[in-house]
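*Asks:* Just so you know, the protein sequences line up as chains L and W, in that order.
So the first sequence is numbered by this note's numbering: it starts at 83 and just counts up by one.
So the second sequence is numbered by this note's numbering: it starts at 83 and just counts up by one.
Ideal Cβ placement from N, Cα and C applies to all residues, glycine included.
Dumping the structure here so I can ask a few things about it.
2 protein chains.
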Amino acid sequence: MNTFDFKNPTHIFFGKDSIQEIAGQIPEDAKILLLYGGGNIKKNGIYQQVTTALKGRDVIEFGGIPANPEYAVLLQALGLIKAQKIDYLLAVGGGSVIDGTKFLSAAALYEGAEPWDILKKNIRTLKGLPFGTVLTLPATGSEMNSGAVITRKETQEKLAMGGPGLFPQFSILDPQVIQSIPERQLANGITDAFSHVLEQYMTYPIGAALQDRFAESIMQTLIEVAPKVLKDPTDYVAASNFMWSCTMALNGLIQKGVPTDWAVHAIGHELTAMYGIDHARTLAIIAPSHYRFNFDDKKEKLAQYATRVWNITEGSLEEKAQKAIDKTEDFFHSLNIATRLSEYTSNYEGTAEKIAQNFTERGWVALGEHKTLTPDKVEKIVRMSY
Amino acid sequence: MNTFDFKNPTHIFFGKDSIQEIAGQIPEDAKILLLYGGGNIKKNGIYQQVTTALKGRDVIEFGGIPANPEYAVLLQALGLIKAQKIDYLLAVGGGSVIDGTKFLSAAALYEGAEPWDILKKNIRTLKGLPFGTVLTLPATGSEMNSGAVITRKETQEKLAMGGPGLFPQFSILDPQVIQSIPERQLANGITDAFSHVLEQYMTYPIGAALQDRFAESIMQTLIEVAPKVLKDPTDYVAASNFMWSCTMALNGLIQKGVPTDWAVHAIGHELTAMYGIDHARTLAIIAPSHYRFNFDDKKEKLAQYATRVWNITEGSLEEKAQKAIDKTEDFFHSLNIATRLSEYTSNYEGTAEKIAQNFTERGWVALGEHKTLTPDKVEKIVRMSY
């Protein structure tokens, strides 16, 4: 097991009708900016619950944060924060709204001239404007971590940021929100969370027995609840387990003391930037090819995953490992998630070269847990995913 | 799954040579009280590492905190804290030293006349004197939670306290400390951590799939590493997994959203108070009888535990459940932990009646996850454990 440090101070309120807890978590005298996305919260009752809880408080709203939170839109919100002297942010939405809010939390206190530098120059945020979240779409885990991914359309960039100052002060997780989420987005959420676990698990054995088992626990739970959640989003028990699994998949715990990969995300982000493919689906496109291409590096963990998560007990280590990749692809298919780039765009020729070129230009010498995945290898993986 | 809230702000530094991290975690100008137990830390090099890390700082020492931290001793330390205007506590030890330090953290800022009231009147501590810990004995999980248990010899009481103000600001977990721990204490640590998981798991099914799997993960890991740790305490991988399992067993995570029991601890504490039996061993004495006595209430979870943790796949639900209790007892025996009260004292007659009487006098109407375990039932369980 590797040396690590771990601290996660986010206060989670989990369960039915927990939205009312926000009243006690935001200082009475705060000037609050309520941030949300496309306005679904006004249809599904969540907006009503939030505004009821904040009745009598000083609240300004900013809606319209798009999926893959867009820098240009966030700059408008940043202007509002400064003009109105906002001192507390409340994100009501999924990963995009929460990630956008994290950028704003950092940018509001950033002293440089160009907020994009926070992403471009990878500046860690030690102190941000305080914020809380009301999660409306389980998927990214952003509600209990300190990272964010921001997109800039004009340059086709999608970059990550973070720092210990960017943990939400509190996050509200009410599994009842799942009832109003379209099936497509539920499938994305399951795929996203499952992929997060894979990125932190599918590397090589390092003797971190408990972290491995926790990761396997999350994957087993997601596999178990996925059909129930998709069939009946009002199934509160399934919704609860889905929601908590998504949070635990990326709150830092299972990555501590182990090597992590994240190449699938790095490559997947390019597909979203180029074709607008849903984030989760890009992961399902890249992961199987990535594991097949890097089979020798990953076969021990693939075989462990085969046995413990998919109950594959027959065959050699290599056979189990191969079957585990097939099972993973089957799982994505069972969620109606296509795993080939050509199923999303007919315009895929040249994608592999373009992504390799992007990585080279950005100076990303090598990805993966061994830092051996050079742009030429990335090109091959993407081509295997066509 | 039940509604819950969860927050754990303790900063963990885990791994080889992590003791040096304390220098960066305690404010430069703090007046520090270094607290420890019987002085083993002066023999195993830990005291040396701590004082080297704190070189040049304003540090006073208080040693001699006994196992089952004794109120009278802690009052001496409290006097020192007040006389010397101490503003930071550093616990270097196992659960007893850390629990004692939590009491001091609370008592230092307590405004009532009688510090024992914090325990007697169950006063929750919202703000305590800040403190950190260097863990020298994995077992209790006290290094990453906000609870403590304090003993008062003169009244034969052993009571719990806690509150959100009592999380350590940081805890240092260096698995190398295990090398110098006597086998008896290692066995106690494994038993203690395993029992903590059982208290939060062995109740009834409530559809908390992820919490169940996390609990099972910790038990599987403890079972796997126990023989390795006992055979060779210098096995760093085994030591790491043992240490992290103990912390995760009682840092709040696996108890969220599920019913918990804690009757085994409540009864066990009485045995320690009456006979001075090691805390962990009292749990091993009581748990099997407790599960046999409350078999109908617990058989579903016992059977799930049988299958997932002990790989018992044959037989009816009841048969699996029974075998799981036997397996648990066998596990304690494999650690050289006796599971009968009569193996610890020949003076056991009347123990059951005395404990039932204590509970009645304290107004403890009923224990357990269903709050149905009245003193007369407790009496039967204790008698079954003779």
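#1: From the DSSP output, which residues share a beta bridge with A242(L)?
#2: Measuring alpha carbon to alpha carbon, tell me which of F249(W), A189(W), D360(W) and K202(W) ends up nearest N270(W).
#3: For E306(L), return the contacting residues in chain W, with the cut-off set at a CB-CB distance below 8 Å.
#4: For G119(W), count neighbouring Cβ atoms within 10 angstroms of its own Cβ and tell me buried if that reaches 16, exposed if not.
#5: Whose Cβ in chain L lies nearer than 7 Å to the Cβ of W326(W)?
#6: Entirely within the stretch 321 to 381 of chain L and at least 4 residues each: give me those alpha helix (DSSP H) ranges in chain order.
#7: Answer yes or no: do T218(W) and V279(W) have a C-beta to C-beta separation smaller than 7 Å?
#8: In angstroms, rounded to a whole number, what distance separates the CA positions of P246(L) and T395(W)?
#9: For the stretch 84 to 105 of chain L, enumerate the residues whose C-beta is nearer than 9 Å to any C-beta of chain W, in chain order.
#10: In terms of residue numbering, what span does the alpha helix (DSSP H) encompassing K98(L) cover?
#11: Among N90(W), T85(W) and I94(W), which has the Cα closest to the Cα of D87(L)?
#12: Here's the rule I'm using: 16 or more other beta-carbon atoms within 10 Å means buried, otherwise exposed. How should E193(W) be labelled?
#13: Which runs of the beta strand (DSSP E) spanning at least 3 residues fall entirely within the stretch 269 to 298 of chain L, listed in chain order?
#14: Taking only beta-carbon positions, decide if T215(L) is within less than 7 Å of chain W.
#15: The alpha helix (DSSP H) with Y129(L) in it runs from where to where?
#16: Output the distance between the C-alpha atoms of L201(W) and M243(W), rounded to the nearest integer angstrom.
#17: Report the neighbours of N227(W) on chain L: residues whose CB is nearer than 8 Å to its CB, in chain order.
#18: So, L423(W) versus I367(W), is the Cβ gap smaller than 7 Å?
#19: Along chain L, in chain order, which residues have C-beta atoms closer than 7 Å to that of T303(W)?
#20: Look up F185(L) in the DSSP assignment and say whether it is helix, strand or coil.
#21: Given this structure, state the Cα-to-Cα distance separating I163(W) from W446(W), to the nearest angstrom.
#22: Going by the CB atoms, is the gap between E152(W) and K235(W) shorter than 7 Å?
#23: Does the Cβ-Cβ distance between M226(L) and K383(L) come in under 7 Å?
#24: Roughly how many angstroms separate the alpha carbons of D294(L) and T85(L), rounded to a whole number?
#25: Among the candidates S416(L), Q282(L), E451(L) and V155(L), whose CA atom is the shortest distance from the CA of Q337(L)?
#26: Given T354(W), which residues of its chain have a CB within under 7 Å of its CB, disregarding the five upstream and five downstream residues?
#27: Kindly indicate the opening and closing residues of the beta strand (DSSP E) around I104(W).
#28: Which class does A406(W) belong to by DSSP, given the choice of helix, strand or coil?
#29: Where are the beta strand (DSSP E) runs, 3 residues long or more, that stay fully inside the stretch 146 to 233 of chain W, in chain order?
#30: Which same chain residues, not among the five before or five after L157(W), have their C-beta less than 8 Å away from its C-beta?
#31: Excluding five sequence neighbours on each side, which residues of the same chain lie with their C-beta closer than 6 Å to the C-beta of L172(L)?
*Replies:* Reading from the atomic positions:
#1: According to DSSP, which records beta bridges pairwise, A242(L) is partnered with V231(L).
#2: The shortest Cα separation from N270(W) among F249(W), A189(W), D360(W) and K202(W) belongs to D360(W).
#3: Close to E306(L), with beta-carbon spacing below 8 Å, are these residues of chain W in chain order: A291.
#4: Buried.
#5: Residues of chain L passing the Cβ test: L292.
#6: You should have 345 to 357 and 361 to 375.
#7: Their beta carbons are not under 7 Å apart, which means T218(W) does not touch V279(W) by this criterion.
#8: Answer to the nearest angstrom: the Cα atoms are 46 Å apart.
#9: Within the stretch 84 to 105 of chain L, the residues whose Cβ lies closer than 9 Å to some Cβ of chain W are N84, T85, F86, D87, F88, K89, N90, P91, T92, H93, I94, F95, F96, G97, K98, D99, S100 and E103, listed in chain order.
#10: No alpha helix (DSSP H) holds K98(L); DSSP gives it neither H nor E.
#11: It is I94(W) whose Cα lies nearest to the Cα of D87(L).
#12: It is exposed - the Cβ of E193(W) has fewer than 16 other Cβ atoms within 10 Å.
#13: Within the stretch 269 to 298 of chain L, no beta strand (DSSP E) run of at least 3 residues lies entirely inside it.
#14: At a cut-off of 7 Å between beta carbons, T215(L) makes no contact with chain W.
#15: That run of the alpha helix (DSSP H) goes I128 to A135.
#16: When rounded, the distance between both Cα atoms is 6 Å.
#17: Within chain L, no residue comes near N227(W); the closest Cβ sits about 14 Å away, beyond 8 Å.
#18: Taking 7 Å as the cut-off, the beta carbon of L423(W) is found closer than this to the beta carbon of I367(W).
#19: Simply A291, L292 and R295.
#20: In this structure, DSSP gives F185(L) a helical state, which the three-state scheme calls helix.
#21: Approximately 34 Å between the Cα atoms of the pair.
#22: Yes, these two residues count as a Cβ contact at 7 Å.
#23: At the C-beta level, M226(L) and K383(L) stay beyond 7 Å of one another.
#24: The alpha-carbon atoms of D294(L) and T85(L) are separated by roughly 16 Å.
#25: Distance check between Q337(L) and each of S416(L), Q282(L), E451(L) and V155(L) places Q282(L) closest, using alpha-carbon atoms only.
#26: Only N150, K240, H361 and T364 meet the Cβ criterion.
#27: For I104(W), no beta strand (DSSP E) encloses it; the enclosing alpha helix (DSSP H) starts and ends at I104 to Q107.
#28: If DSSP states are grouped into helix, strand and coil, A406(W) belongs with the helices.
#29: Within the stretch 146 to 233 of chain W, the complete beta strand (DSSP E) runs of at least 3 residues are 170 to 175 and 213 to 217.
#30: Hits under 8 Å: P197.
#31: Once the five neighbours on either side are set aside, the close Cβ partners of L172(L) are I114, L116 and G214.
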